[in-house]
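One structure below.
There are 2 protein chains.
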Amino acid sequence: MTTTAHALVSSDDVNGTDVYGRDGTHIGAIDHLMIDKQSGKVAYAVMGFGGFLGIGEEHHPIPWNKLTYEPAQGGFVTDLTEAQVQGAPARQDGWYADRDWERRTHEHYGVPMYWI
Amino acid sequence: MTTTAHALVSSDDVNGTDVYGRDGTHIGAIDHLMIDKQSGKVAYAVMGFGGFLGIGEEHHPIPWNKLTYEPAQGGFVTDLTEAQVQGAPARQDGWYADRDWERRTHEHYGVPMYWI
Numbered sequence: 001m002t003t004t005a006h007a008l009v010s011s012d013d014v015n016g017t018d019v020y021g022r023d024g025t026h027i028g029a030i031d032h033l034m035i036d037k038q039s040g041k042v043a044y045a046v047m048g049f050g051g052f053l054g055i056g057e058e059h060h061p062i063p064w065n066k067l068t069y070e071p072a073q074g075g076f077v078t079d080l081t082e083a084q085v086q087g088a089p090a091r092q093d094g095w096y097a098d099r100d101w102e103r104r105t106h107e108h109y110g111v112p113m114y115w116i
Numbered sequence: 001m002t003t004t005a006h007a008l009v010s011s012d013d014v015n016g017t018d019v020y021g022r023d024g025t026h027i028g029a030i031d032h033l034m035i036d037k038q039s040g041k042v043a044y045a046v047m048g049f050g051g052f053l054g055i056g057e058e059h060h061p062i063p064w065n066k067l068t069y070e071p072a073q074g075g076f077v078t079d080l081t082e083a084q085v086q087g088a089p090a091r092q093d094g095w096y097a098d099r100d101w102e103r104r105t106h107e108h109y110g111v112p113m114y115w116i
């Protein structure tokens with residue numbers, strides 16, 4: 001068997017994958033992913049932030065392109081800041097089908113839009 | 001709100017998404033997805049086939065590129081045949097990290113490899 005370094009994960013197991021800051025600080029964990037069914041690309045990681053935001057467990061959708069998977073750490077690394085998360089466009093019901101919100105959110109985080 | 005036709009689905013909710021043949025026959029359902037953590041692309045849909053294979057519920061990993069999401073049907077459409085599924089390379093433990101198996105499987109189904 002040619003075992004490779006690439007990491008496939010089951011959609012059942014993404015919950016709880018850890019997310020770290022560039023300095024190695026644990027800042028949260030993935031709660032679930034939002035997947036674009038047509039392209040098969042992950043669009044958002046909905047993350048739970050514990051102490052990071054200092055306001056109890058909060059869930060925020062973070063554009064996938066903001067996260068980098070680091071096999072050595074077994075988790076994702078991001079340069080996300082608390083100010084970025086708190087200043088992100090507010091989401092309402094149906095945010096995941098609201099292209100205007102999606103565009104503003106990707107611009108806010110400074111990452112390429114997943115649908116382009 | 002600018003609602004769009006694109007469909008995002010939560011990784012928690014992919015279980016049970018239906019898969020139809022080109023002629024509209026229901027051939028199975030998604031059990032879970034296997035996601036490449038580094039690229040954020042879905043690599044496989046692990047599908048459950050009921051009557052389609054006539055041998056009880058069997059789970060088989062199908063390359064994502066073999067499935068097309070059809071919003072109008074609320075499910076995936078594929079030209080997968082029973083012979084293709086039965087003739088696919090056998091999988092062993094660790095198949096999702098066995099690049100040789102992955103290559104043979106994509107060649108068998110005649111679809112582009114997700115990592116290229």
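Same order as they appear, the protein sequences are chains A and B.
Quick note on numbering: the UniProt record's numbering labels position 88 of the first sequence as 88, and the sequence is numbered without any gaps.
Quick note on numbering: the UniProt record's numbering labels position 80 of the second sequence as 80, and the sequence is numbered without any gaps.
The C-beta atom is built at its ideal place from N, Cα and C for all residues, glycine as well.
Please read all numbers here as calculations on a predicted model, not as lab measurements.
Check: If you count every other CB in all the chains shown that lies within 10 Å of the CB of B:D13, and 16 or more means buried, which is it?; Outcome: exposed
Check: So is B:G50 in contact with chain A if we call contact Cβ pairs under 9 Å?; Outcome: no
Check: Could you spell out the range, first to last residue, of the beta strand (DSSP E) harbouring B:D36?; Outcome: H26 to D36
Check: Would you grab the beta carbon distance between B:Q38 and A:A7 for me? Rounded to a whole angstrom, and I think it's under 8 Å.; Outcome: 7 Å
Check: What number of angstroms, rounded off, separates the C-alpha of B:Q84 from the C-alpha of A:G40?; Outcome: 22 Å
Check: Just the C-alpha distance for A:D23 and B:A97, rounded to the nearest angstrom, thanks.; Outcome: 29 Å
Check: Just curious, the beta strand (DSSP E) that B:Y20 is in, first and last residue?; Outcome: D18 to G21
Check: With a threshold of 9 Å between beta carbons, is B:L33 in contact with chain A?; Outcome: yes
Check: Applying a beta-carbon distance threshold of less than 7 Å, which residues of chain A neighbour B:G40?; Outcome: K41, V42 and W64
Check: Any idea if A:A29 is buried or exposed, counting beta-carbon neighbours within 10 angstroms, 16 or more meaning buried?; Outcome: buried
Check: According to DSSP, is B:D98 helix, strand or coil?; Outcome: strand
Check: Measure the C-alpha to C-alpha separation of B:Y109 and A:G50 and round it to an integer number of angstroms.; Outcome: 44 Å
Check: With 9 Å as the limit, tell me which residues of the region 6-18 of chain A have their beta carbon closer than that to any beta carbon of chain B; keep them in chain order.; Outcome: H6, A7, L8, V9, S10, S11, D12, D13, V14, N15 and T17
Check: Sort A:P61, A:S10 and A:V77 by Cα distance to A:W95 and report the nearest one.; Outcome: A:P61
Check: Give me the Cα-Cα distance between A:P112 and B:I27, rounded to the nearest whole angstrom.; Outcome: 37 Å
Check: For a test of the three-state rule: what should DSSP assign to B:Y69, helix, strand or coil?; Outcome: strand
Check: Would you mind giving the Cβ-Cβ distance between A:D31 and A:N15, rounded to the nearest angstrom? I have them listed as a contact below 8 Å.; Outcome: 6 Å
Check: Under the rule that 16 or more other beta-carbon atoms within 10 Å means buried, what is B:N90, buried or exposed?; Outcome: Residue identity check: residue 90 of chain B is Ala in the sequence provided, not Asn. When all chains shown are included, B:A90 counts as exposed.
Check: Note down, in chain order, each residue of its chain lying with its Cβ closer than 7 Å to the Cβ of A:T17, except the 5 sequence neighbours on either side.; Outcome: A29, I30, G75 and F76
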